[in-house]
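Asker:
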Amino acid sequence: MEKVGVVISRTPPTELAFEFEVLEPGAIATGDFVEVPVERGALLARVAGMQAVNAAFSELGVVTEASEYGLRLPSAALLSSEVHVARARALEVITEDGELAPPLHPPSPGTPVYKASRESISRLLGFREGGVWLGEVWHSGVDALLDPESLVCHHVAVVGATGSGKSHTLGVLSEELLEHGYPVVVVDVHGEYGFLAEEGYRARALKLTGVSLKPGLLSPDAVAEATEMTEVQRDLLHLAYDGLEGVELGDVIESVERVAREYGFRRETVVGVIRRLKTLKSMGVFAGSEGGVPPEELVEEGSATVLEVGLGLPERAVNALVGTVVWLLFEARRSGAVPGFALVVDEAQRFLPQEEDTFSRRALRVLAREGRKFRTGIMVASQRVVGLDKDVLSQSGTKVVLRMDSVTDLSMLKLLLGQSARLVPHLPRGVAIVAGVTVRYPVMVKVRGRKS
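Each residue of the sequence shown is one higher than the one before, starting from 89 at the first, in my numbering.
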């Protein structure tokens, strides 16, 4: 192991924190992992901060007085006496038999400090051999290998500013899950995931309107939201669905007219509902109901379906359609008709708004709350933390945080990342802080390049 410093007692070491003098400036940096020999093993710690110290400049006013009175500044020999001091936070002790234990004793002053070995870092962070390869722990050469089961079943939230690498990160995760045999369904807003269908994966791209959505099997809430029905029209539609005797559009219209007569709805209300239903058909929403792909066929072991949702439809209609597909897929999973799967949703703030109660938000919330029981998960990406549904964000067991500089977003991230949040505005493109159930401590990861 490479020796990088020596424990000092400028501030007495404790079992939780200590300082060490760095032997070679630049050999260690904030965020790096180090280890110190202790009784019965090695204390693993992370560098929390660095200081440059020079006794010749320890008093305020030295430079000002030298300039004002024409005094000589300290000699070159004194200037070269600068030392670097690192502050380290103790994390765990790796015992001689390879077990992890809490730090209970401080390291002794004068004890050498070494760069942590790759094996120690992997053991500390809980990486799994053969796991999902997200990338490399920053400046360590250690592969970040995350447990795929925890990743999927506990859900993932990827957040970052525009251009920080969110879609790329979701693409990498999608590749890895496919290689681990998980079915993946991608909600593709901007046509960025077609590479999965082009580059050696079992994948297909499908327009959202190519999914077989029988009108009578849809939620009346989704239909009403997609067509912006009034409250009275919603009431009529709900009653019509309660008495529905078939699944085709004609069956729905017939039920609307029958219920309207029974309950005495005004004719203009009936006409408005029927017109809106026919408008959905004319826009192609029900185009896949004949010859389209049934929702349960979107999920196949080890394969991906990329749903292209940039259809030129009104945003409300697209959102309601996405919510409907999610709802039908999860119902198919609950009934055992499809295997567990990962749902990837880019631009998630569009389908999971924090303030607005949309059908897509309701469907995705149900999946986030109950998916774990059915080995099914959601991976979302958003430009903002604020504006994304808090329920789904809190249910996401793994957070992948790329560069962000919004003050309101950063204040929320402090609750999730602790001290690591201060690094978020300074992260290079493609470097993320990963925190949650798949890593034992928040860690900076350089996301790997896509294989496809």
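A virtual CB, placed ideally from N, CA and C, is assigned to each residue, including glycine. All values reported here derive from a predicted model rather than from experimental measurement.
1. Tell me, please, which residues DSSP counts as bridged to Glu541.
2. Hey, Pro195 and Leu296: beta-carbon distance below 9 Å or not?
3. By alpha-carbon positions, which one of Thr412, Val468, Leu481 ends up nearest to Ala314?
4. What number of angstroms, rounded off, separates the C-alpha of Arg422 from the C-alpha of Leu386?
5. Please report the Cβ distance between Val535 and Ala523, rounded to the nearest whole angstrom; I am assuming they are in contact, meaning their Cβ atoms lie under 8 Å.
6. How many Å lie between Arg175 and Pro197 at the Cα?
7. To the nearest angstrom, report how far apart Glu109 and Asp120 are at their CA atoms.
8. Counting only runs of 3+ residues fully inside the segment 415-453, write out the beta strand (DSSP E) ranges in chain order.
9. What are the start and end residues of the beta strand (DSSP E) that includes Ile466?
10. How far does the alpha helix (DSSP H) with Lys502 in it extend, from its first residue to its last?
11. For the alpha helix (DSSP H) holding Pro125, just list the boundary residues, first then last.
12. So what does Ile182 bridge to, in DSSP terms?
13. When the distance is taken between beta carbons, is Leu431 closer than 9 Å to Pro601?
14. Any idea if Glu90 is buried or exposed, counting beta-carbon neighbours within 10 angstroms, 16 or more meaning buried?
15. If we call anything under 9 Å between Cβ atoms a contact, is Thr183 one with Arg128?
16. Kindly indicate which three-state DSSP category Asp477 falls into: helix, strand or coil?
17. Would you mind listing the beta strand (DSSP E) stretches within the segment 265-304 that are 3+ residues and don't spill past its ends, in chain order?
18. Can Val527 and Gly223 be called in contact, C-beta distance under 9 Å?
19. With burial defined as no fewer than 16 other Cβ atoms inside 10 Å of the residue's Cβ, what is the status of Gly93: buried or exposed?
20. Quick check on Pro308: does DSSP put it in helix, strand or coil?
21. Taking the CB atoms as reference points, tell me whether Pro191 and Pro125 lie closer together than 9 Å.
22. Is it true that the CB of Arg460 sits closer than 9 Å to the CB of His546?
23. Around the Cβ of Asn142, are there at least 16 other Cβ atoms within 10 angstroms (buried) or fewer (exposed)?
24. Assuming Val489 and Leu501 form a contact by the criterion Cβ under 8 Å, report the distance between their Cβ atoms to the nearest whole angstrom.
25. Taking a contact to mean a Cβ-Cβ separation below 9 Å, would you say Leu505 touches Val480 in this structure?
26. Does His495 pass the burial test, meaning 16 or more other C-beta atoms within 10 Å, or should it be called exposed?
Answerer: So, from the listed chains and residues:
1. Residue 541 is absent from the structure shown; the chain starts at 89 and stops at 540.
2. no
3. Thr412
4. 15 Å
5. Actually they are not in contact, since the Cβ atoms of Val535 and Ala523 sit about 15 Å apart, beyond 8 Å.
6. 14 Å
7. 15 Å
8. 430-433
9. 465-470
10. 495-505
11. Not the alpha helix (DSSP H): Pro125 falls in the beta strand (DSSP E), residues 121-126.
12. Ala130, Leu188
13. In the structure as shown, the chain starts at 89 and stops at 540, and residue 601 therefore has no counterpart that could be examined.
14. exposed
15. yes
16. coil
17. 272-276, 291-295
18. no
19. buried
20. helix
21. no
22. The structure shown does not extend to residue 546, since the chain is modelled only from 89 through 540, so no value can be given for it.
23. exposed
24. 6 Å
25. no
26. First, the amino acid is wrong: residue 495 is Val here, not His. It is exposed - the Cβ of Val495 has fewer than 16 other Cβ atoms within 10 Å.
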